[in-house]
Structure formats: C-alpha cells, structure tokens
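A short write-up of the structure that comes next.
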Amino acid sequence: MKILIIGAGSIGCLFGVKLALKSHEITAIGSNNVYMTIQKQGFIFEVDGKKYSKFPSFHFFSKDSFYEEYSNEAHTLFFDYCIVACKSYSLSQIISEYHYILSQFSRIFLLQNGLGNEEILKLKYPEMNVYRIISTMGAELVANHHLIQTGSGLNYVCHISSFICETPFDLNDIEPIHYFVQILNEADISTEISEKSLQKIWEKAIVNMVINPIGALWRKTNGELLTLSYFWEIAEDIISEILSILDEYKISINSKDQLLQIIKNILQLTQQNSNSMLQDLKRNKHTEIEFLNQKVVDLAKNKKKTAPFNRLVVNLVKGIEKRN
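Set out below in structure tokens:
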C-alpha cells in the first residue's frame with residue numbers, strides 16, 4: 045500500500061515507520077527542521093532498546109520538498125490512504141496548504157488529539173468520510189531524527205461528524221476500512237474498529253484533558269504521575285466536572301471510576317512517555333489545550349453552566365504558552 049501522512053510529528057512518524065517496516069510505501073510530510081536533519085544525519089527508530097536505521101520505503105519530506113518531488117499533480121492519485129497527523133490547531137492551515145491533495149481522497153484518517161477536528165475537515169469537504177484514529181501509543185522525536193517508541197496500546201478507528209452526537213459508519217466504506225485496520229495490525233499497531241465512536245473519542249479526550257495539562261504543568265512523565273496522590277485528586281475533580289457537563293448533552297460514557305482506571309492503565313503502559321503537551325511546552329510551542337479542556341468550558345457556557353476546574357487548567361497552560 046502507498047500511504048500519505050501529512051503533518052508527521054512523533055506519532056505520525058511512529059505509524060509511518062512501523063508500516064514501512066512491513067514494506068508499505070510511506071510518504072510522510074513534516075517540519076522543515078526534521079527534514080533537514082534527516083537529510084544530514086539519517087533517521088533512527090528505537091523500540092524496546094533495538095534501533096533501526098534503514099527504511100527503504102519510508103520517505104520524509106518538508107512541504108517544499110514534497111511539492112518539488114510531486115510537481116505532477118497526477119501523483120496524488122496513487123496514494124491508497126491518507127493520514128493527517130498534525131496538531132489539532134494546525135488542521136485549518138494543513139487544509140489550506142494541501143487542499144488539492146486532500147480533495148483527491150474520499151476518506152481521511154485523523155491521527156490527532158482533541159475535539160471538533162472532524163467538523164473542521166467536514167466544513168471544507170462535506171462529502172468526505174472522516175475517521176479518527178484514537179491511539180494510546182507513545183513516541184518522542186529526539187534531536188529531530190531519532191524516534192523512540194515510549195509506549196504501546198490498543199488503537200481504535202472511529203467515525204463521528206460531531207463530538208456531541210454519534211454517527212454510524214458508511215456501509216459502502218466498510219471494506220477499505222477493514223483492510224486499513226488489517227494492515228495496521230500486521231505492522232504491530234494493534235487496532236480495532238470501534239462500534240461506540242463517540243464514547244471512545246470522549247474517553248480519549250478526557251484522558252488527554254487529565255494527563256496532558258497536569259503532566260505539562262508539573263513537567264512529569266506518565267510514570268511519575270502514577271505515583272503522585274495529588275495527581276489523582278485533581279484527576280477526580282476534572283473528570284467529575286466533565287461528566288456533569290456531558291450529562292447536559294445526554295452523552296453517556298464510562299463512570300468516573302472506570303475513567304480513572306483507564307488513565308491508570310495508560311500511564312502504566314506509557315511510563316517513559318512525556319505527553320505531547322509537555323513536549324510542546326518544552327519546545328516553546330503552542331499546545332492543544334483549546335481542543336481539549338477549553339471545549340468543555342465552551343460546552344458548559346452553552347448550557348449556562350461553569351467548568352471552573354477545566355477553566356483553571358486552560359488558564360494555567362495558556363499562561364505558560366504566553367510566557368514562552
């Protein structure tokens with residue numbers, strides 16, 4: 045299979061390299077800094093202490109080098125699947141910069157955190173089938189060319205058009221989705237199709253709303269968070285507040301205790317991982333807080349409610365962003 049990955053950071057490269065190791069032809073587009081470093085120093089993938097440095101079917105481009113390579117627009121028709129793995133806040137920019145390419149696909153997979161991403165894509169491409177890959181895998185790109193897998197876990201392919209209502213899968217699109225899931229599993233990317241997409245997307249969002257800002261604010265790895273009793277106290281407050289807001293929208297997901305257990309399981313599986321928000325703040329980059337806890341604040345406001353715990357988290361993270 046020929047697979048295009050747009051906005052390939054740590055997690056996008058992780059999916060790409062694993063697929064390339066199974067001989068799929070991967071074209072990944074990411075930052076110019078990463079591209080320039082890989083051109084000079086090569087690309088290294090490390091998992092469980094084992095390092096790989098030869099990937100004949102993994103091709104990394106910057107935006108400019110990609111367009112130079114694929115100046116003939118007909119090339120875009122030869123990709124079987126497209127994954128968009130950029131940060132949530134960059135999605136609108138990605139749509140603008142890669143509009144012609146994206147418009148060639150009848151389906152797109154979003155490998156992203158956050159809420160409301162599907163709506164952004166559907167606004168531009170209303171006829172497109174948009175799928176979300178919910179991933180609990182962890183990765184870190186060190187020195188712009190050394191990718192380390194820091195956690196593994198089960199991934200889910202989900203389908204919604206709005207983060208406040210369930211959307212059924214398009215029956216005409218089931219066969220290519222099943223095949224896509226098959227090739228992910230063959231590449232050691234454990235994946236299932238979720239029959240409860242809205243629930244899965246909210247559960248992953250809540251995990252991110254708890255782990256990401258607290259880990260980022262305290263500069264703690266996932267393993268370090270596990271042992272901190274006050275982390276769990278704050279987690280309970282954030283989750284309770286989110287569940288009360290979801291009740292206003294008649295959205296039913298797992299209980300607080302079940303969500304806390306999910307968070308514990310993920311932290312145990314990804315103990316080495318520094319979450320993506322922590323990595324962003326360390327690099328003085330923008331975070332995805334607007335697509336996480338801020339969404340809860342906005343949903344509360346729409347129902348004339350407040351979400352003080354989530355608002356506090358948002359303001360603390362934004363304060364660091366502004367300082368940076």
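With the numbering used here applied, the sequence shown corresponds to residues 45 to 368, in that order.
The C-beta atom is built at its ideal place from N, Cα and C for all residues, glycine as well.
All figures in this text were calculated on a predicted structure; none of them were measured in a lab.
By the beta-carbon neighbour count (other beta carbons within 10 angstroms, threshold 16), residue 337 is buried. DSSP places residue 355 within a helical segment (H, G or I) once states are collapsed to three.
The secondary-structure analysis by DSSP pairs residue 201 across a beta bridge with 177, 237.
In the structure shown, residue 94 falls within a strand segment according to DSSP collapsed to helix, strand and coil.
Minimum Cα-Cα distance from residue 195 among the listed residues 201, 189, 301, 183 corresponds to 183. For residue 111, the uninterrupted alpha helix (DSSP H) segment begins and ends at 107-113. Take the alpha-carbon of residue 129 and the one of residue 112: they are about 21 Å apart. Looking at the DSSP output, residue 193 bridges to 183.
For the alpha helix (DSSP H) assignment, the uninterrupted runs of no fewer than 4 residues enclosed by the stretch 45-96 are, from N- to C-terminal side, 54-64, 76-85.
Residue 101 is not a Cβ neighbour of residue 332, given a cutoff of 7 Å.
The shortest CA-to-CA distance from residue 110 to any of 143, 223, 98, 74 is the one to 74. Within the stretch 207-292, complete beta strand (DSSP E) segments of at least 3 residues are found at 235-237, given in chain order. The stretch 154-167 and the stretch 60-75 do not touch, with fewer than three beta-carbon pairs separated by less than 8 Å.
The beta carbon of residue 236 lies closer than 8 Å to those of 198, 199, 200, 201, 225 in the same chain, with the five residues before and after it left out. At the C-beta level, residue 266 and residue 311 come within 7 Å of one another. The distance from the Cβ of residue 239 to that of residue 298 is about 15 Å, inconsistent with a contact at the 8 Å cut-off.
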